[in-house]
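For what it's worth, my numbering labels the leading residue of the sequence shown as 1, then goes sequentially. By construction, the Cβ of each residue, glycine as well, lies at the ideal position given by its N, Cα and C atoms. Here the structure is a predicted model, which is why all the values come from computation and not from measurement.
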Amino acid sequence: SIQSQVSFGAVGNTLATMVAHAMDVDIAAVNTISLVAHPGYGLRAGGAADDADMEAILSAIGTLDLWDRIGMVATGYMAKESQVLLTQHAINQGKNKRKPPIPILVDPAFGDHGRHYNDTAIAYAIDRHLLPLADIITPNRFEASFLSGIDIFNAATAATAGREILAKYPDMQVVIITGIIKHEHCLDMLIRRDDISEHSAPTLTHNKNGFAGGGDLFASLLSGNLIKGHGVDQAFAETARQASQILSDLDKRQEKNITRQAIASGLA
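Written out as structure tokens, the structure reads:
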């Protein structure tokens, strides 16, 4: 799991580790950035991983012959454009050492609510270098619009955007777009070239803009369900149900962050 890490709150690898433990799945976390808390706290303290250190960690997986112990690779927030290239190189290394190749899940994690989290060069780099390697991607509505060039405002435009992305990347099997608002419900859509599945849940009452780490929660649950042997359709259905249950319970309690306890309860 290659993404961010925080000391307080729950996003990135901090959240992915909570989910993995709750699902009884092993996780090997490589952090792209370490911060005291996610940006919702209003203070940034910490910084991006050093390129040389990150490269050494990723390269050592091959040196130590550990690729055979890895069931899939999941990527999330990248703090620098250079990290995208380091991740691309590591994934290619893993694909070359494994037959069949390791499944790759890419959560673009470069923006939401109409804005980029960081330099747009990172989003373009993810598009150029990571998406061609991905079997599954899990963009939110904003990210899918950026990647497809299509404004998403309902389920039909989301389906068109998903298929536009699939047309760009012949090796990609599935696009899952999250956070599509339909009346008083929020849709998650699994899009293939020849079929579509949807999961609908009521929009949150108190946290209208969703929780920090909501996309990370979905990607982590999906990774766990796939690792546990579920097919993509079953994994999607389980993930969408679990994520909506966890976030709904947190919203009812007016919590500000995703918590370990809520994850455990939602998976019980």
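Residue of 29, 132, 72 and 154 minimising C-alpha distance to residue 142: Taking the sequence shown and counting its residues from 1, the one referred to as residue 142 is at position 142. Looking at the Cα atoms, 154 is the closest of the given residues.
Classify residue 247 as buried or exposed, calling it buried when 16 or more other Cβ atoms lie within 10 Å of its own Cβ. Position 247 of the sequence shown holds residue 247. Classification of residue 247: buried, given that the 10 Å Cβ count is 16 or more.
In the DSSP assignment, find the alpha helix (DSSP H) that holds residue 18 and state where it starts and stops. On the sequence shown, residue 18 is found 18 positions in, with the first residue counted as 1. In the DSSP annotation of this structure, the continuous segment of the alpha helix (DSSP H) that includes residue 18 starts and ends at 12-22.
Inspect the beta-carbon positions of residue 171 and residue 132 and report whether they are closer than 8 Å. Residue 171 sits at position 171 when you count from the first residue of the sequence shown. Residue 132 sits at position 132 when you count from the first residue of the sequence shown. Yes. Within cutoff.
6 Å Cβ shell around residue 112 - same chain, five flanking residues per side excluded: For the purposes of this step, residue 112 is taken as the residue at position 112 of the sequence shown. Result list for residue 112: 140 and 142, in chain order.
Looking at the unbroken beta strand (DSSP E) that takes in residue 173, where does it start and where does it end? In the sequence shown, counting from the first residue as 1, residue 173 sits at position 173. Segment: none, residue 173 is in no beta strand (DSSP E) and carries neither H nor E.
If you count every other CB in all the chains shown that lies within 10 Å of the CB of residue 244, and 16 or more means buried, which is it? To locate residue 244, count along the sequence shown from 1; it is residue 244. Buried, by the Cβ-count rule.
When burial is assigned at 16 or more other CB atoms within 10 Å of the CB, is residue 80 buried or exposed? Counting from one through the sequence shown, the residue named residue 80 turns up at place 80. With 16 or more Cβ atoms within 10 Å of its Cβ, residue 80 is classed as buried.
Counting pairs of beta carbons, one from the stretch 45-59 and one from the stretch 97-114, are three or more of them closer than 8 Å? Remark: fewer than three beta-carbon pairs, one from each stretch, lie closer than 8 Å, so the stretch 45-59 and the stretch 97-114 are not flagged as touching.
Figure out for me which residue from 78, 97 and 157 has the closest Cα to the Cα of residue 64. Reading the sequence shown from its first residue, position 64 is the one you call residue 64. Residue 97 is the option with its Cα nearest to residue 64.
Given residue 197, which residues of its chain have a CB within under 8 Å of its CB, disregarding the five upstream and five downstream residues? Here residue 197 refers to the residue found at position 197 of the sequence shown. Excluding five sequence positions before and after residue 197, the CB atoms of its chain that fall closer than 8 Å to its own CB belong to 189, 190, 233, 236 and 237, given in chain order.
Option in 168, 130 and 23 with minimal Cα separation from residue 88: Working through the sequence shown from its first residue, we reach residue 88 at position 88. Nearest C-alpha to residue 88: 130.
Tell me which same chain residues have a C-beta within less than 8 Å of the C-beta of residue 164, skipping the five on either side of it? Translated into positions along the sequence shown, residue 164 becomes position 164. Around residue 164: 148, 149 and 150.
Residue 198 (DSSP reduced to helix, strand or coil): As a working mapping, residue 198 is identified with position 198 in the sequence shown. Under the three-state reduction of DSSP output, residue 198 falls in the strand class.
Using 8 Å as the threshold, is the stretch 216-235 in touch with the stretch 7-16, meaning 3 or more CB pairs across them? Yes, the stretch 216-235 touches the stretch 7-16.
Do the CB positions of residue 137 and residue 84 come within less than 8 Å of each other? Position 137 of the sequence shown, counting from 1, holds the residue named residue 137. Position 84 of the sequence shown, counting from 1, holds the residue named residue 84. No. Outside cutoff.
Helix, strand or coil: how does DSSP classify residue 232 here? Working through the sequence shown from its first residue, we reach residue 232 at position 232. Looking at residue 232 - three-state DSSP - the assignment turns out to be helix.
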